[in-house]
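K.L.:
In the working numbering, the protein residues as written are 10 to 506.
(1) Exposed or buried, what is residue 88 when buried is set at 16 or more other beta-carbons lying within 10 Å of its beta-carbon?
(2) Looking only at C-alpha atoms, which of 98, 107, 77, 463 sits nearest to residue 63?
(3) Taking all protein chains shown into account, do 16 or more other C-beta atoms lie within 10 angstroms of the C-beta of residue 308, making it buried, or fewer, making it exposed?
(4) Could you have a look at residue 280 and say whether DSSP puts it in helix, strand or coil?
(5) Please confirm if the stretch 239-254 is in contact with the stretch 388-395, defined as three or more CB-CB distances below 8 Å between the two stretches.
(6) How is residue 144 classed by DSSP in three states: helix, strand or coil?
(7) Taking 8 Å as the cut-off, does the stretch 364-372 touch the stretch 133-145 (at least 3 CB pairs, one atom from each stretch)?
(8) Rounded to whole angstroms, what's the CA-CA distance from residue 439 to residue 191? Just pull it up for me.
(9) Can you give the Cα-Cα distance for residue 121 and residue 61, rounded to whole angstroms?
(10) Please look up how many angstroms separate the CB atoms of residue 495 and residue 466, rounded, as I've assumed it's under 8 Å.
(11) With DSSP as the reference, please indicate the residues paired to residue 79 in a beta bridge.
(12) Where DSSP assigns a beta bridge to residue 112, which residues make up the other side?
(13) What residue from 502, 265, 231 has the CA that sits closest to residue 257's CA?
(14) For the stretch 196-205 and the stretch 153-171, state whether three or more C-beta atom pairs, one from each stretch, are separated by less than 8 Å.
(15) Run the CB neighbour count on residue 123, radius 10 Å, all protein chains shown included, and call it buried at 16 or more, exposed below.
(16) What three-state label does DSSP hand residue 406 in the structure shown?
(17) Is residue 121 helix, strand or coil when you go by DSSP?
(18) Would a C-beta distance cut-off of 8 Å place residue 500 and residue 468 closer than the cut-off?
(19) Helix, strand or coil for residue 266, going by three-state DSSP, please let me know.
(20) Residue 483 by DSSP, collapsed to three states: which one?
(21) Do residue 456 and residue 486 have their beta-carbon atoms positioned less than 8 Å apart in this structure?
(22) How many angstroms separate the CA atom of residue 452 from the CA atom of residue 197?
(23) State the CB to CB distance for the pair residue 409 and residue 416, rounded to an integer number of angstroms; the pair is presumed to be in contact (CB under 8 Å).
(24) Counting beta carbon pairs with one atom in the stretch 266-275 and one in the stretch 287-306, are three or more of them shorter than 8 Å?
(25) What is the rounded straight-line gap between the Cα of residue 10 and the Cα of residue 320?
(26) Tell me whether residue 89 sits in a helix, a strand or coil according to DSSP, three-state version.
(27) Could you check which residue in 57, 352, 68 has the C-alpha nearest to that of residue 280?
(28) Roughly how many angstroms lie between the CA atoms of residue 450 and residue 173, to the nearest whole one?
(29) Taking the DSSP output, what are the residues bridged to residue 215?
(30) How far does the beta strand (DSSP E) with residue 471 in it extend, from its first residue to its last?
(31) Name the two residues that bound the continuous beta strand (DSSP E) containing residue 389.
(32) Taking DSSP as the reference, what is the three-state secondary structure of residue 164?
(33) Please report how far the alpha carbon of residue 175 lies from the alpha carbon of residue 95, in whole angstroms.
(34) Relative to the alpha-carbon of residue 216, which residue among 132, 491, 379 has its alpha-carbon at the smallest distance?
(35) With a CB to CB cut of under 8 Å and the five nearest residues on each side skipped, what residues in its chain are close to residue 490?
(36) Using alpha carbons as the reference points, say which of 480, 493, 481 lies closest to residue 441.
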């Protein structure tokens, strides 16, 4: 596996900030009939910064800072912070309105559809079901409470709205067994979908094992910031575009991507896209894509264990990258077309030193609960009928790569159409079929390789590995040392590194 090591260090001079004209977006507030929310409302706030400070106290956000400012900022950052005539303080969400607590999907849907500014605290696990999406009206803050807040088997939809904040929530487990590609007719299960909306801040959330896209930012949405989130164990992570117009303004900063495949992000026809201090580790298709007429600035970010870390696609995309680190990456050389724009023309920021990004995001990306929640046993089960610990081999292997001990993954009978990568960190991993008959467990895909092993001392047993593109396509690629195959059937080739 070719190895690229780059670190082109450069810091642009600060420039005077200018504002952008807002893209008009009509307010759509869908009235949903549901039981009333639980808990008494708080008194309305005044100054947006004061409201932000009160929210951080309510959700138990830790006091921590970096060169870029507070890790948990009381006010929006990036393009979501840019003031306009309609939003003179940038994105403020529910500031100035009351605060309510919700504990079930019906109450969340009812409160999210209200017309007035509102802060909604999600307490505990809220199971939506069938991957359905709850519509969010304008002027809302939706945040996980200090006890933790999770949206399970569902998501949030922002359709033609403005001024919305989503923070401190875990979005998980809308994955449809057998549909790793997210192509089934009944699987349009996104974590957060933003369509034709303005001034949206998505901050300090965790996204895991969803059905289709984790975050989709679409159809001329603008003044967007996605910051301090943790995306893991998924195929299509963060897609931007679905438009021929060049109006979207987007900041992606301090996000962590782990065991992901594509769209990290895929940024199509973005007028100004600023990506800084992101960490991508374990990328099996491509990392960041500048598509169409997109104009990107990528800086002080880390790409490791990644195929095609920065790529161009379509007509006239551009990307300028500086001060990034590339470790153990392969495929296309990271793209560079020359200077694009300076984000400091629009808002203030200070990129953290790239050498500290991994430690910073390990500690602070995701929710207040993220650093202490992921646990994986020494033996776990994958089963498509829901009786196991995971529905896909891909998700189980990703979790194993982050564990501090060797893991055995037992796969129940079935055909698993997915790409599986055993990343460094999963040393000592075993993946074996549950019945002992390799014909009972088939891991297959149409684009090679189906299963790649980058870690050392990995054992594969009682499995069939298949690639259906053609007879010469790799079903298995081994790069790590001492990979052991025990009763493994290969339908396709074996690429040894």
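The C-beta atom is built at its ideal place from N, Cα and C for all residues, glycine as well. Since the structure is predicted, the reported quantities are computational estimates derived from the model, not experimental observations.
P.N.:
From the atom records:
(1) buried
(2) 107
(3) buried
(4) strand
(5) no
(6) strand
(7) no
(8) 27 Å
(9) 19 Å
(10) Not confirmed; about 14 Å, so no contact.
(11) 74
(12) DSSP lists no partner for residue 112.
(13) 231
(14) yes
(15) buried
(16) helix
(17) helix
(18) no
(19) strand
(20) strand
(21) no
(22) 24 Å
(23) 4 Å
(24) yes
(25) Bear in mind that the predicted position of residue 10 carries a pLDDT of just 34, short of 50, making it unreliable; the figure below should be weighed with that in mind. Looking at the two C-alpha atoms, the distance is approximately 18 Å.
(26) helix
(27) 352
(28) 45 Å
(29) 179, 239
(30) 468-476
(31) 388-391
(32) strand
(33) 20 Å
(34) 379
(35) 465, 466
(36) 493
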